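Protein chains in written order, with my numbering: chain C, 1341 to 1644; chain E, 37 to 510; chain X, 2 to 213; chain G, 106 to 763. Backbone N, C-alpha and C define an ideal beta-carbon position, used for all residues, glycine too. Note that the structure is predicted; figures quoted are calculated from it, not measured.
This is the structure in structure tokens:
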């Protein structure tokens, strides 16, 4: 039990920073550049760890709460989540709600921390963040409803259980395909990737997530980067499990399938970021509402 | 005994004409009122009227008598301080008129003979005219004129109605009479067309005096221009008395066995009165005229209750008490407010609560009471009428009833709150609450509150008996 | 004697039309006085000579025929008005309505079953017609004093009906009628004088300050 | 029962001694507070008795008015509503000592305390009444005291208007209740409340009763579109009064609906569907309107509308469960509703009290005049943050627990096979949207009020609230945390209430299974709390002595406090998205040309129903009435006589003559 829990976290902690690296490399390759080494994120984290702080005069303790929550929440959420075919260490009926709401908590504190600096740019970023995510949440709920309907359970463990291959085969296949797309969109929004947000733009006015963390420095900033990577991996594993739902009886194969899936996902994101332009801000809500309509359609398909 | 009760006020009335002392003359009123109420209470448990007597008290008349006597006593005490303030107008007319008014009302209540009843009601009109004319200015003369004109026409119609009823009894050549008991006995054999026509004329005639819409037109003018205590007496006492007259006609009809027509007429007039009151109370800028329309409304509720019958009749009789006392409280306090602001118009009246904490508070509480807010009495009676409506399976009438009550509440509330709450500018007059100007309305309101929380057994029996009198069919 | 009654009543109805049609106040009052005097005969003509009917006749005559007209004429003299100015609706329409009212009265009277002894008489329709005329006058005239006249005619109508009952229900009717007349006119006389003093006119149009 | 009655009397008369005390105050206010505490304590004892033995307290005495009887029943269902009442009343009374001292308010302090006690007693009586007349009596006691609480500052026209609208609304609702109880008497045979499930009534009568209840109780609860009175009233009343109104009083509407629906043996599906739809509507519209406000207390008031919507939504789920016989849905829906009633009572009063502390310190309700208060008011800020997290339904506080129950119900509904309560699964996405918007709104409020730099002089000179005001808030926050961290402790209460409502002892079985994971949740909540505390503590320690600099202004040379994101600008994006439902008014803000003139921008969001619907309608009606009046009562006596004649003729015609 405890060992299982520790292993789970270990996989998460060790593997997560690789994904941004992969994405960056993919984009570089598309641009015909050499690109940073795959392990660059690890180096960044180490350097930030050693750095000192510079704090704004206006900030209070809320400012430092942001990064902490951003780091703690993905860790807790990951405990409820099966990594591919590897079962989750903690699982109970209704944990999927807790899963969703933990990330909401993270959002609350990140936005609050941004407002704490009193900078108009960070306020702007916070406003956009909360706006887009409260548009993304219904989509997530509809997707979860579909999965719950198919699995007959209320825990992530059962939702992403062994019944999925059969489900793909059955009449519910199209619905699963639809929510796969929806979840991918949610993933992009939640992790502030192109086409919804550009993680490495240099114009504050166009930023969403990046602008919120402008004033963080040193270990705090490191926590934020690390938290972002963890979040990417945690949300990503939903997609991976949904796309590659096979259980080979042996745990090592399962792990490999899962990690490979994650890497594929990272590459996919990289591709998307390279081939797509960033949406205009006013378009973003329309896209999100569109996706939630798609998910509604998926739900109807299942209920029918 | 009853004769004594009727004649009782006449003696001090005569006395007041010769007494030279102003204050003493005013004090005759509460003295008489107290004696009157005492006698009434003594006779509370008296025997039912002996048949073919000219006067007597049955349950209904006991009820109305009790209410009227109570109300008069309250107004009499109020009058002492009021007249002390209005020495310019004098009380040589006011006091005797009030006393004769009391005597006439008592006679009308206890009359067992329709002709006598009619004469008494006519007398009340006669003696109340000078009371309305108390202020002796253009407006009061106009109000008095309209009051007299409409009420005299009404009373004339009632006369004709009486004659029709009498004629309906003429068949068979036997000497007919207008003795009520005699008519009740002969009721089934009365000639229908004459009886119906008579009822219609009586209803319209006495209805004018009750002030049911659309016969109410004199009411806002008279109540608005008359002194507050006269308004209280008219809206609480006189209307009840004239309503009793209508109830008599109603009794006759139900004794004759065809009360359906009578009931429909009453329900129709009642709803019409409610509707009209609603129309006239929204944004009504004059507090006393607003009270007048509220009186129209509650007469409508009484008519509605009696018209529906059953439990509603009981509720209506209970409402008669509640309405009289609450209206008394409202009119007296409105009078105080008018005195303090030297106006009864919203443009001048503001923040009465801060200028007259007691009168303003009582006015506000009275408003809540009259609009049927628990725990006051009217809530109980109106709720009982509503139960009666549903028990009689008249849901649509009930819906209309509630809707109109809501509209009336909104209209009345806007006016009352504007008058009582908020910042008063500099108090215009030096008028302050005085004991005798505040105690009577306070006591009335407490009575209403008590009636809302506790209905004494004897009173309940009285109401039951009264309702039974109206329900009886031979 | 029924023909006598009929004659009297016909005259009464004609007088109704006259009052409705005439624009001169004095004439109206005279007409009412005449009407009252005629009606005073009715008790005798209907019920024959008896102390009771005589008293009734006498009282009615003195009141309706003499006292009240005198009172009204005095009031007019004080106020110095002669003509009924602009009635609310013209005289001709008023007359027309008067005819309608009379017809209606007759129709209504037919619906009321009369006793044998009253079958052929005109009493009931005449009384109703007179009453409605009084109402019409009240509703179509502006001057307070004309309204008093109208009220008097209303009373006359009721008196006519009262005659029917005067034997069956002695005392009540008379008391009623007399008191009624007394009250109304007496009080109205006072009020008229007051109005006159306050407004220097008894045009009730001025008595319309109280609205809504 | 003795304890209960004692509590009732103590609460009711708590303000009376003050009436005889000097205007300058003296000990009277402390005495009043003491009495409220004693009353609350007695009441809590009585409720504890009920919950311990699981049998309701009963009092039956004759009452000499037609149809009346002094019948009191204190059962688990009432207990759920009573407990927050006691806590909020007690803390409000204590808070009032510092917030509304008699010395500072000689004019209205005594009145405020009198009606504060009266309304508490009224709610207490109402929740225990088992007779229609007694219920109506208590109802009106509560309503009228509420009116006087709202018009405490009657010298302000704003308070007067709010009071009038409230009075009209509540009285209209009361009239609907008159009809409701009269009909109920016809159905049940007496004015005594029928037992749970004892009323086998179908068809039009049942529908009429339900609709009347929905209207009358919905008006009190503030369901959209009946919420008209709520924002103004909560904004106008003193903060601890608002806490009582919003935290406790409006719940009596929910109580009424719950009690009423418990009478019926079978329930048509459309009842639940209607309530569900209204709940979703209120939830979304309420939070959207809240987002658009920049008056602190109006904003909180609209959040009451939102939370009432959530409660109604879950009640609708429970009703659907009953009409389709799905025990789990009944249990989860009702448990969620009741728990959310308690939760909202706690965190909404916490929020109102801390908002009062802010207003007390700055003297304004305008959000855009605040800023950076967390430095001057560390306690108030932290407490408000707790309340904000709780009301946004986030772990580890109580809001999450009730919403969790609702989600379970909705997902369960999605999994039921065949023609079942599929409508209930709409609750899940609706809740998600509401939650997201609420989160956005409270990030805005907390951020704009307590974070960043002060935007006004008042905010510069703000001071921390005195201990007397902090202590009640702390108590309320602890209660919130308690439910959030130890939710299992409430399971027995909920089970009793559910069993009572659905008139089936085994119904609570439908609850025990789904509630099992609460242990896990509480464990995770603890872990989360500890991890966060540890992390923040470590980070602060690590950052000790860090270099302090200006906020990075992205290259702009002199940033000023007025350049911060204001409440309006924060919400602007969402408000524009919700334009179709809000119809906000926007003035100015457009900059033209290369060198634009100094410009103004103002956005204002009036209430959809009140300001855009009812007011114009009533004005039109009033105009019509005036015209009619001038026509009818035109002062011509001849015309009046015409009315008499017409009446006579019409009656004769109807009488069959002619």
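Going along the chain, which residues of the segment 350–371 of chain G sit with their C-beta nearer than 8 Å to a C-beta in chain E?
Here the close residues number zero.
Buried/exposed call for residue 488/E, threshold 16 Cβ in 10 Å
Buried.
Residue 83/E lies in the alpha helix (DSSP H); which residues open and close that run?
For residue 83/E, no alpha helix (DSSP H) run applies, since DSSP gives it neither H nor E.
Against chain G, with Cβ distances strictly below 8 Å, would residue 1401/C count as a contact?
Taking a beta-carbon distance threshold of 8 Å, residue 1401/C counts as an interface residue toward chain G.
By the criterion of Cβ-Cβ separation under 7 Å, what are the contact partners of residue 162/X in chain E?
Annotation: Cβ neighbours of residue 162/X in chain E (cutoff 7 Å, chain order): 196 and 199.
Helix, strand or coil for residue 91/E per DSSP?
Here residue 91/E sits in strand by DSSP.
Using DSSP with H/G/I as helix, E/B as strand and the rest coil, what is residue 171/E?
Helix, per DSSP.
Does any residue of chain G bring its CB to less than 8 Å from the CB of residue 1441/C?
Yes, contact with chain G.
Residue 693/G: first and last residue of the uninterrupted beta strand (DSSP E) it sits in:
Element bounds for residue 693/G: 690–693.
Taking 8 Å as the threshold (beta carbon to beta carbon), is residue 734/G in contact with chain X?
With respect to chain X, the C-beta atom of residue 734/G has a partner C-beta closer than 8 Å.
Quick one: list the residues of chain G neighbouring residue 1532/C, beta-carbon separation under 8 Å, in chain order.
Taking a Cβ-Cβ threshold of 8 Å, none of the residues of chain G is close to residue 1532/C; the smallest such distance is about 16 Å.
To the nearest angstrom, how far is the alpha carbon of residue 547/G from that of residue 1449/C?
Residue 547/G and residue 1449/C: Cα-Cα distance of roughly 11 Å.
Chain G contacts made by the segment 1484–1503 of chain C, where a contact means CB separation under 7 Å:
Those residues of the segment 1484–1503 of chain C placed with their C-beta closer than 7 Å to a C-beta in chain G are 1485, 1488, 1489, 1492 and 1494, ordered along the chain.
Residues that residue 135/G bridges to, as DSSP identifies them
Residue pairing for residue 135/G: DSSP places it in no beta bridge.
Does the separation of the CB atoms of residue 501/E and residue 95/E fall below 8 Å?
Going by C-beta atoms, residue 501/E is nearer than 8 Å to residue 95/E.
Which chain E residues sit within Cβ distance under 8 Å of residue 217/X?
In the structure as shown, chain X begins at 2 and stops at 213. Residue 217/X is therefore absent and cannot be evaluated.
Beta strand (DSSP E) segment containing residue 297/G, residue limits
From DSSP, residue 297/G is part of no beta strand (DSSP E); its letter is neither H nor E.
With residue 455/G as the anchor, note down where its beta strand (DSSP E) starts and where it stops.
From DSSP, residue 455/G is part of no beta strand (DSSP E) but of the alpha helix (DSSP H) over 432–467.
Below-8 Å beta-carbon distance, residue 550/G vs any chain C residue:
Residue contact with chain C for residue 550/G: absent (no Cβ-Cβ distance below 8 Å to any residue of chain C).
Could you work out which residue in 191/E, 93/E and 310/E is closest to residue 158/E when comparing CA atoms only?
The candidate whose alpha carbon is nearest that of residue 158/E is 191/E.
Say whether the segment 1377–1392 of chain C touches the segment 1355–1362 of chain C, bearing in mind that this needs 3 or more beta-carbon pairs closer than 8 Å, one atom from each stretch.
Between the segment 1377–1392 of chain C and the segment 1355–1362 of chain C, the count of C-beta pairs closer than 8 Å reaches three or more; the two stretches touch.
Does residue 768/G come within less than 8 Å of chain X when only Cβ atoms are used?
Nothing about residue 768/G can be read from this structure; chain G reaches only from 106 to 763.
Does the segment 259–276 of chain E come within contact of the segment 363–377 of chain E, defined as at least 3 CB pairs closer than 8 Å?
For the pair of segments examined, the segment 259–276 of chain E was found to touch the segment 363–377 of chain E: the number of CB pairs separated by less than 8 Å reaches three.
Use the C-beta contact count for residue 307/G: other C-beta atoms within 10 angstroms, 16 or more gives buried, fewer gives exposed.
Under the 10 Å beta carbon count, residue 307/G is surrounded by fewer than 16 other beta carbons and is classified as exposed.
Residue 451/E - DSSP class collapsed to helix/strand/coil
In this structure, residue 451/E counts as helix in the three-state DSSP scheme.
What separation, rounded to the nearest whole angstrom, lies between the Cα atoms of residue 576/G and residue 502/G?
Rounded to whole angstroms, residue 576/G to residue 502/G spans 19 Å at the Cα level.
Residues in the same chain with beta-carbon distance under 7 Å from residue 47/X, minus the five sequence neighbours each way, listed in chain order, please.
When the five nearest sequence neighbours on each side are left out, the beta carbons in the same chain lying within less than 7 Å of the beta carbon of residue 47/X are those of 6 and 164, in order along the chain.
Of the choices 241/E, 100/E and 199/E, whose alpha-carbon is the least far from that of residue 498/E?
Restricting attention to 241/E, 100/E and 199/E, the CA atom closest to the CA of residue 498/E is found in 100/E.
Residue 724/G: buried (16+ other C-beta within 10 angstroms of its C-beta) or exposed?
Classification of residue 724/G: exposed, given that the 10 Å Cβ count is below 16.
Cβ-Cβ distance between residue 1423/C and residue 1503/C below 8 Å:
Contact: no.
Could you name the residues of chain G that residue 140/X contacts, counting a contact when the two beta carbons are closer than 7 Å?
Chain order gives the chain G residues near residue 140/X as 743, 746, 747 and 750, where near means a beta carbon separation below 7 Å.
Residue 149/X lies in the alpha helix (DSSP H); which residues open and close that run?
Where residue 149/X is concerned, the enclosing alpha helix (DSSP H) stretches over 145–166.
Using the Cα positions of residue 715/G and residue 403/E, report the straight-line distance between them to the nearest angstrom.
When rounded, the distance between both Cα atoms is 25 Å.
Let me know if residue 1342/C comes out buried or exposed under the rule of 16 or more other beta-carbons within 10 Å of its beta-carbon.
It counts as exposed.
Would the segment 392–407 of chain G and the segment 357–374 of chain G be scored as touching if the rule is three or more Cβ pairs under 8 Å?
Taking one beta carbon from each stretch, the segment 392–407 of chain G and the segment 357–374 of chain G have fewer than 3 pairs nearer than 8 Å; the two do not touch.
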